[in-house]
Structure formats: C-alpha cells, structure tokens
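All remarks here apply to the structure that follows.
Here it is, written out as structure tokens:
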C-alpha cells in the first residue's frame, strides 16, 4: 500500500498553505485537484463526496474523489486535520501528534516493511497548519480494525511476525537518532516529562472512573508505578532500541489480502521492540487466548529478531522484558479514560479490562516494584 506515492514535500507551487485544510467545509474540487496535481498532470475532479467525519484527537474525514487520474491513484481518501474539538486540540498541542505522523510520512514511510497507508500529501506550515491525506484502506478491499476487536490465533502470529521484521530492520540503527532527530527530539522529551509529571493524578482519576474494571489488588501497585514512572521509563528505555509504533491496539490495525498493517503512526519513536508486542498482546487478545499463547508468541518474535546483531543473552531474557512492558498499555488505557474524549468509552473499558488482566497474569507491576528496589 505504501509503494509509489510517498515523498517528502519540500517545494510547492502554489505555496504549501494552499494544500492545508482548516475545516471540512474547505474541501472542494479546487483543493482536491491541487493534491492530485502532485501525482499527475492536468488533474480534473468530477465529483466529491464526504462519507464520514469523526472528531477526536484529530478530525478524520472519509472522502470519495471521482477524478481523471490513472487507476493507481486512490478514489477513496482518508484525511486528518487538527481536531475541531477545542478540548482535544488543547490535549494534543504539546505532543504534536498529527505533526509527528506527518513527519513519519515525509521521512520514514518508504522505509517501513510493514503495511501502512499510502500518503497522497503530508504537510505542515510554520504557522501550525497540518494536513495528512492518505489512501483510505477500504480502497482495495482493505479491512479496518475496531478498538473492540480481538485477534484470532492466526492473525496475532502474523502481526507479531510483521512487527518483528520491522524491528529487526531498524535494530540499533543509530543513524535514525541522528538523521531523524524528531524521533527522540524535544517534543518526545516534553511528552515523557509531562507523562511522568501527570502520571499520579491521572492514574488516580482513571482508576476511579474505571470502577470494577480494574481489580482492586492492582490499585496500590498502579499508584506506585505512576509515582515512579520516570525511573521506570528510563529503565525500560535502557535496552537495544529500534523503531516502534507505540500504539498497537486493535483500532489501529487493518488487513489487506490477509496481511496485517498499522494505522496512526503519530506516536512513532525509538524504543524497545518488545514493548510493541506487549501492547499488541495486552489489548488485541482475549485474556484466555493471550494467557495460552503469549510465551510462544514472544518466542516467535525472538526467532524473527534472531541474527548477528541481536545477542543470545537478550533473546533469552525477552519474555521477562515483555512482562515488564505490559505496564505501559495498562497505563495508556487508564490515562485515556482519565482524560476522556479520546476513545469510545466502551472500547476504552474493554481494552483496559484486557490490559489489567495481562498485568495480573504476569505480575508485571510487582516485577517493576522489584526493579525499583535494585
């Protein structure tokens, strides 16, 4: 899906502002023809139809475009612009989620071996305008995931293997940090700092809102985790690093020709690859299936990673690292619930229930407490 149209847009005629949208009402044939003009000459749009608008952390627009271009240019577009919700814009202004995803499509998309949407346009201006135009994954019978979905055994093995291939490709590639400094730059450092500063109040609020979803035996350990989050994150980051998606919940998965892919690359960064596996298994599997096959899934992931650049000692300790990283998907779902408005509440509670059970089954918070005592 991400083969021929990804590019870094650095020079525009007309200026880049002409390509940026501030509101769905600004979508018209003139704008669509400007986007198409980046891909072929003399574009003509015959008709446009907005099929859906969803407002969350971003405003997401599904658009049908009837144009005169070649068959490989999508007729179904998925557009992301800053959220029309003032509250959501305020929440996302510091982590710059949409700006980070635009950087991904400008800089890294052509390098990614994992399926992801094709970019028609990814641009931002100095004044804060941001617009991302992607091929809608339904263009060629792609199947979008839903936050309420759970994967079956065959699907999760495919997803683990796909993530393993991506992680192996970028394993300990220090040039990423140098060439794409935004992966570890000031925005990510600010995000981590705020995450640690707000962890305790948000954890308490999320636990209250969750009610019986979170088992009571997790309460004290979860609060302790939040209190020491900065130290724990530093410990988890002190490992061989690779490129990670960092948000592998079922709503960000899709399927095309029986192969898995990932959407929403706005949290992409450098991290320990097993963290993506922990997030995937904690949120995408029914607890009974996860408990049955998680050790073998981690073993499968290790087999994909195996090579001269990955030490045998690291692979032998991979399951223990997996158990520690299960804390983050739990934290992410608690914080999402605490803030509100970022995910459908029913789906949020379901993913929180799954990730809570993963913590209990693996005694992850107790293991992290032991790490703190070292």
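Residue numbers (the working numbering): 2 to 375. A virtual CB, placed ideally from N, CA and C, is assigned to each residue, including glycine. The model shown is predicted, which means the values in this text are computed figures rather than measured ones.
Inset, instruction - Give a yes or no on whether the C-beta atoms belonging to residue 219 and residue 357 are separated by under 8 Å. - result: Taking 8 Å as the Cβ cut-off, residue 219 and residue 357 qualify as a contacting pair.
Inset, instruction - Could you spell out the range, first to last residue, of the beta strand (DSSP E) harbouring residue 83? - result: Its beta strand (DSSP E) spans residues 77 to 83.
Inset, instruction - Could you tell me the distance, in whole angstroms, from the CA atom of residue 225 to the CA atom of residue 44? - result: Cα-Cα distance, rounded: 58 Å.
Legend entry - Simplified DSSP assignment, three categories, for residue 148: Collapsing the DSSP output to three states places residue 148 in coil.
Legend entry - For residue 337 and residue 162, the rounded distance between their alpha carbons: Per the coordinates, the alpha-carbon of residue 162 lies some 28 Å from the alpha-carbon of residue 337.
Legend entry - Euclidean distance between Cα positions of residue 222 and residue 324: C-alpha separation (whole angstroms): 15 Å.
Legend entry - Residue interval of the beta strand (DSSP E) (run including residue 130): It is not in any beta strand (DSSP E) - residue 130 carries neither H nor E in the DSSP assignment.
Inset, instruction - Determine the burial state of residue 156: buried for a count of at least 16 other Cβ atoms within 10 Å of its Cβ, exposed for fewer. - result: That one is buried.
Legend entry - Residues near residue 263 by beta carbon distance below 8 Å, same chain, minus five either side: Counting only residues of its own chain and dropping the five nearest sequence neighbours on each side, residue 263 has a CB closer than 8 Å to the CB of 115, 116, 117, 246, 249, 253, 254, 255.
Inset, instruction - Assign residue 257 to one of three DSSP states: helix, strand, or coil. - result: Strand, per DSSP.
Inset, instruction - Determine the direct distance from the alpha carbon of residue 216 to that of residue 86, and round the result to whole angstroms. - result: Per the coordinates, the alpha-carbon of residue 86 lies some 33 Å from the alpha-carbon of residue 216.
Legend entry - Residue environment, residue 195, which counts as buried when at least 16 other CB atoms sit within 10 Å: Result: exposed.
Inset, instruction - Would you identify the three-state DSSP class for residue 239, choosing helix, strand or coil? - result: Three-state DSSP puts residue 239 in coil, outside helix and strand.
Inset, instruction - Quick one: give me the first and last residue of the alpha helix (DSSP H) that residue 406 is part of. - result: With the chain covering 2 to 375 only, the question about residue 406 has no answer from this structure.
Legend entry - residue 126 and residue 17 closer than 8 Å at C-beta: Contact flag set, yes.
Inset, instruction - Rounded to whole angstroms, what's the CA-CA distance from residue 65 to residue 124? Just pull it up for me. - result: Cα to Cα, residue 65 sits roughly 21 Å from residue 124.
Inset, instruction - Decide if the segment 290 to 310 is in contact with the segment 333 to 348; the criterion is three or more beta carbon pairs, one per stretch, under 8 Å apart. - result: Contact between the segment 290 to 310 and the segment 333 to 348 is absent, because fewer than three Cβ pairs lie under 8 Å.
Inset, instruction - On a CA-only basis, which of 278, 15, 73 is nearest residue 326? Give me that one, please. - result: If you compare the alpha carbons of 278, 15, 73 with that of residue 326, the shortest gap goes to 278.
Inset, instruction - Can you give me the start and stop residues for the beta strand (DSSP E) that residue 65 sits inside? - result: Taken as a continuous stretch (DSSP letters only), the beta strand (DSSP E) holding residue 65 covers 59 to 68.
Legend entry - Given 8 Å, three or more beta-carbon pairs between the segment 25 to 32 and the segment 310 to 320: At 8 Å Cβ cutoff, the stretches do not touch.
Inset, instruction - Mind checking who residue 244 pairs with in its DSSP beta bridge? - result: Per the DSSP secondary-structure output, residue 244 pairs in a beta bridge with 271.
Inset, instruction - Please report how far the alpha carbon of residue 142 lies from the alpha carbon of residue 63, in whole angstroms. - result: Answer to the nearest angstrom: the Cα atoms are 15 Å apart.
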